[in-house]
Amino acid sequence: MILIFQDVIEVDKVSTTQISLRLGGDLPSSEELTQTLGIKPTKFVRRGERVSKKRVQPVDLWILELAEFDTDSTEEERDSQMLQVAITLQKISSNLAILDRTNCNADLYISTIREEDQGGLTLPPELVAATASAGLSIQISILVMLDDYLEPEPGSSLSTTMVVDS
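Numbering (my numbering), first residue to last: -9 to 156.
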C-alpha cells in the first residue's frame, strides 16, 4: 500500500521600499552636519570604520531614513510618506545648499526589494520637485527576488510530497 501526503503552502509576496537622504564623501563631523542641516542622522559612519567582518567603510556616510513601506501599506500610507519626504527635503533644502559639494555627494536613495516581477514604484511630482530643488540626484536600487530561489518566497506555492511505502 502506498500513501501519499501532499501539503501546499501559500506564502504572500512582500515587497519593501526604503527612502533615505544620503551624504557621502569627506564629511564634517556628525554634530556639525546635524547643526548645519538642523536634523539628526539615522546613521553616521566614518571612513575607515569596520562595517562588517570583511568590509571597511571607504567614505564618510551620513544617512537620514525618510520613509519605509511595503506591500501591506495602503496607497494612502505610501502617498503620505512620500509627501512627508518632500516636505522634509523642502525644509532642509537651503541648508543642503551650504554643503561643499566638491567633497560631499548628496542623493535621495531609494531601495526596493521586489518579490514579484511585475509592478513598480511611482514617485509623485512633489517628491521629484523637492529632490531637484535640494540639488539632489536620485539613486535607485532594485533587487528582484523571483520564485526560482531555493528558499521559500512569499506568495509562492510550495509543494511538499511525502511517499510512504508499506
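C-beta atoms are modelled at their ideal positions from N, C-alpha and C, and glycine is treated no differently.
Residues bridged to residue i (per DSSP)
i    : result
S123 : Answer by DSSP bridge pairing: none, since S123 is not bridged.
V35  : L51
D60  : T6
R40  : V46
V134 : R104
Candidates the options: closest to residue i by CA position
i    : options                 : result
V118 : S101, E105 and A76      : A76
S123 : I29, L98 and E105       : L98
F59  : S127, S5 and Q129       : S5
L54  : F34, I88 and E105       : F34
L13  : G110, L51, L86 and P114 : L51
P114 : I132, S70, L86 and S20  : S70
E21  : L111, A96 and R36       : R36
L86  : M135, S19, L73 and L23  : L23
Limits of the beta strand (DSSP E) - the one that residue i falls within
i    : result
R100 : Just to set this straight, residue 100 is Ile in the shown sequence, not Arg. From DSSP, the beta strand (DSSP E) with I100 extends over C94 to R104.
L214 : Missing from the structure shown is residue 214; the chain here goes from -9 to 156 and no further.
Opening and closing residue of the alpha helix (DSSP H) in which residue i lies
i   : result
I88 : E65 to I88
L27 : S20 to L27
Assess, as a yes-or-no matter, whether the segment 38 to 46 is touched by the segment 125 to 139 under the definition of 3 or more beta carbon pairs within less than 8 Å.
-> no
Does the segment 66 to 73 come close enough to the segment 25 to 32 that 3 or more CB-CB pairs lie under 8 Å?
-> no
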